[in-house]
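> Everything in the first sequence is counted per this note's numbering, starting at 3 for the first residue and increasing by one. Got a structure for you, questions after.
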Amino acid sequence: MPVVPRSFFSRPAEDVAPDLLGCLLVRDSAEGRRVLRITEVEAYAGPLDPASHGYRGKTPRTAVMFGPPGFLYVYFTYGMHYCINFVCSPDEECSAVLIRAGEIVEGVDLARVARSGSTDRDLARGPARLTKALGLGREDNGRDLCDGGALTVLERESSDFTVATGPRVGVSTATEIPWRFWIEGDRTVSAYKAHKARVRPSATPS
DNA sequence: CGTTAGATTCTCT
DNA sequence: GAGAATCTAACGC
């Protein structure tokens, strides 16, 4: 299967996102090869999208999102999780696709070690689980997906599935924008959860 | 199967 | 200082 070229990513994320469903993310490491079949994604735009990390302009964290397409954007959240995005749009513009879930189709043994305690179905069922199952982290931020290196995306073998769309998961703003895309009926798609503001006990009650 | 609380620290205001 | 593009365990049915 052909490697996805940089021009594929040089479009708005909402156009790239559905085209990524069914594609394979190939991750080579010292331990061996892991391959993920992508089943669920979300698109995030730039300064006009209040749910995007790029909403308030370029910062040290989001610099990669404003750079050229075809690179990996890794962010840290909830004090303990990493998630991965594919940067889209031409250089200087900001958009990206969050890889939310997938099925491990090669290197299941390695993914099981990385996510001990998980069932095979749940290995990459969720953005942080997926990142951990593939052994990716902060150090992979900014990696090139199109240089033929150890992290590449292969075109899908078939488009024999239905694409479903809906609101983005865990997002508290712009909930009317249906920029979540998934393969209908696929068991590895994560469960939808609306954002819920968390309440922390106050250390200084009045 | 479903729902819910708590964990834990980075990032930008 | 507030809140976050989440996960897991624990509970109830």
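All C-beta atoms in this analysis are idealised placements derived from N, C-alpha and C, irrespective of residue type, glycine included. On a predicted model such as this, the values are computed, not experimentally measured, just so you know.
With H, G and I counted as helix, E and B as strand and the rest as coil, what does DSSP make of A242?
There is no way to answer for residue 242, as the model of the chain reaches only from 3 to 208.
> Mapping the DSSP letters down to three states, classify E16 as helix, strand or coil.
helix
> Consult DSSP for S192 and reduce its assignment to one of helix, strand or coil.
coil
> E33: buried (16+ other C-beta within 10 angstroms of its C-beta) or exposed?
exposed
> Could you give the DSSP three-state label for E157: helix, strand or coil?
coil
> Look up D51 in the DSSP assignment and say whether it is helix, strand or coil.
coil
> What are the residues that DSSP puts in a beta bridge with S97?
C90
> Cα separation between R117 and R123?
11 Å
> Taking the runs of the alpha helix (DSSP H) that are 4 residues or longer, which of them lie wholly in the segment 63 to 88?
none
> Is it a yes or a no for the segment 45 to 64 touching the segment 91 to 106, going by three-plus beta-carbon pairs under 8 Å?
yes
> Can you list, in chain order, the residues of its chain whose CB lies under 7 Å from that of G151, leaving out five sequence neighbours each side?
Setting aside the 5 residues that flank it on each side, G151 has no residue in the same chain whose C-beta is closer than 7 Å to its C-beta.
> Quick one: is A135 buried, meaning 16 or more other Cβ sit within 10 Å of its Cβ, or exposed?
buried
> Decide if the segment 12 to 32 is in contact with the segment 148 to 162; the criterion is three or more beta carbon pairs, one per stretch, under 8 Å apart.
yes
> Rounded to the nearest angstrom, what separates S91 and P52 at their Cα positions?
18 Å
> Can you tell me whether M3 is buried or exposed, with buried defined as 16 or more other CB within 10 angstroms of its CB?
exposed
> Who are the Cβ neighbours of G69 in its own chain at under 7 Å, not counting the five residues just before and after it?
The residues V89, D93, in chain order, have a CB closer than 7 Å to that of G69 in the same chain once the five nearest residues on each side in sequence are set aside.
> Quick one: measure Cβ to Cβ for G109 and R36, integer angstroms, because I've assumed they're closer than 8 Å.
3 Å
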